[in-house]
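**Student:**
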Amino acid sequence: MSRRVLVTGASRGIGARIACAFHENGDEVWGTATSDAGAEAVAAKLGVGRGLLLKAESSESIEALASSLKSNMPEVLVNSAGVTRDNLLLRMSREEWYSVLNVNVSSLFHLCKPVVRAMMRARWGRIINISSVVARMGNAGQVNYAASKGAIEAFTRSLAQEVGSRGITVNAVAPGFIDTDMTRALSENVSQALLESVPLRRFGTADDVASLAVFLASDSAGYITGQTIAVNGGMLMA
33 MSRRVLVTGA SRGIGARIAC AFHENGDEVW GTATSDAGAE AVAAKLGVGR
83 GLLLKAESSE SIEALASSLK SNMPEVLVNS AGVTRDNLLL RMSREEWYSV
133 LNVNVSSLFH LCKPVVRAMM RARWGRIINI SSVVARMGNA GQVNYAASKG
183 AIEAFTRSLA QEVGSRGITV NAVAPGFIDT DMTRALSENV SQALLESVPL
233 RRFGTADDVA SLAVFLASDS AGYITGQTIA VNGGMLMA
């Protein structure tokens with residue numbers, strides 16, 4: 033059954049692949065980006081009108097997006113938009129801290145609120161939040177990013193308890209090191225050291241994450257909620 037899907041951060045990386053995977057699944061997919069060029073790239077993949085501008089750090093931008101969807105509120109919401117502003121805590125600026133928390137966490141509050149309202153009326157919905165392995169293992173120079181991803185997982189568990197009785201599931205996916213533009217920019221020495229920490233001895237692919245997102249949105253995953261599912265090749269086992 034074709035469903036309406038909204039994927040934030042769909043112009044590149046994991047978000048782009050998730051959006052395409054739902055599109056290939058026959059779903060009606062919208063994807064957001066933070067620039068005109070990004071929105072055009074999304075539209076080129078998903079169809080005219082499917083690329084939407086969204087400033088994830090702006091509540092006004094998110095409210096405008098929700099208003100534009102109106103009667104076409106998504107039945108599946110994938111919160112994939114995220115940023116990093118890496119620095120050691122003692123050198124980290126207030127802007128580096130708050131920009132990451134605003135985009136990665138506050139955007140979930142602003143966007144989930146109108147979407148959940150529509151899902152509750154329909155008594156069905158799927159929300160999938162993209163976390164990270166660093167939420168549990170930490171990473172030097174990323175106290176802001178790790179804190180934001182830990183908050184996403186706590187948000188996921190709490191919201192799942194609030195909406196479960198209305199047929200809505202809420203889950204998080206926590207990727208490890210995934211083969212994206214960011215990991216390709218790492219030096220050979222750093223890449224090799226990372227690979228040695230992964231039992232499967234390879235970086236994950238965006239497909240590894242996207243296929244799980246599509247499954248969690250399906251009827252087959254209807255009894256899975258409040259969970260954080262790791263996609264890390266065994267890098268962190270618990």
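Sequence positions in the sequence shown follow the numbering used here and run 33 to 270. Think of the CB as a built atom: it goes at the ideal place given N, C-alpha and C, for glycine as much as any other residue.
Do Asn42 and Gly58 have their C-beta atoms within less than 8 Å of each other?
**Tutor:** As a working mapping, residue 42 is identified with position 10 in the sequence shown. As a working mapping, residue 58 is identified with position 26 in the sequence shown. Checking the displayed sequence, the identity of residue 42 turns out to be Ala instead of Asn. No.
**Student:** Counting C-beta neighbours from all protein chains within 10 Å, is the total for Asn111 16 or more, i.e. buried, or is it exposed?
**Tutor:** Taking the sequence shown and counting its residues from 1, one reaches residue 111 at position 79. Buried.
**Student:** Compute the Euclidean distance between the alpha carbons of Ile46 and Arg153, then round it to the nearest angstrom.
**Tutor:** Here residue 46 refers to the residue found at position 14 when the sequence shown is read from its first residue. Here residue 153 refers to the residue found at position 121 when the sequence shown is read from its first residue. Using only the alpha carbons, I get a separation of about 30 Å.
**Student:** Kindly list the residues whose CB is nearer than 7 Å to the CB of Arg233, restricted to its own chain and excluding five residues on each side of it in sequence; keep chain order.
**Tutor:** Your numbering for residue 233 matches position 201 in the sequence shown. Only Leu227 meet the Cβ criterion.
**Student:** Quick check: the Cα distance between Cys144 and Thr40, rounded to an integer number of angstroms?
**Tutor:** In the sequence shown, counting from the first residue as 1, residue 144 sits at position 112. In the sequence shown, counting from the first residue as 1, residue 40 sits at position 8. Their Cα atoms are separated by approximately 12 Å.
**Student:** Tell me, which residues are paired with Leu38 by DSSP?
**Tutor:** As a working mapping, residue 38 is identified with position 6 in the sequence shown. Its beta-bridge partners are Trp62 and Leu109.
**Student:** Is Thr260 helix, strand or coil when you go by DSSP?
**Tutor:** On the sequence shown, residue 260 is found 228 positions in, with the first residue counted as 1. Note: Thr260 maps to strand in three-state DSSP.
**Student:** Looking only at its own chain, which residues have a Cβ that is under 6 Å from the Cβ of Asp240, when we skip the five neighbours before and after it?
**Tutor:** Taking the sequence shown and counting its residues from 1, the one referred to as residue 240 is at position 208. Answer for Asp240: Val263, listed in chain order.
**Student:** Rank Val137, Gly173, Asn161 and Gly265 by C-alpha distance to the C-alpha of Ile50 and give the top, closest one.
**Tutor:** Here residue 50 is taken as the residue at index 18 of the sequence shown, counted from 1. Selected option, being the one with the closest Cα: Asn161.
**Student:** So, for Thr116: in the same chain, excluding its five sequence neighbours on each side, which residues have a beta-carbon less than 6 Å away from its beta-carbon?
**Tutor:** Mapped onto the sequence shown, residue 116 falls at position 84. Contacts found: Tyr177.
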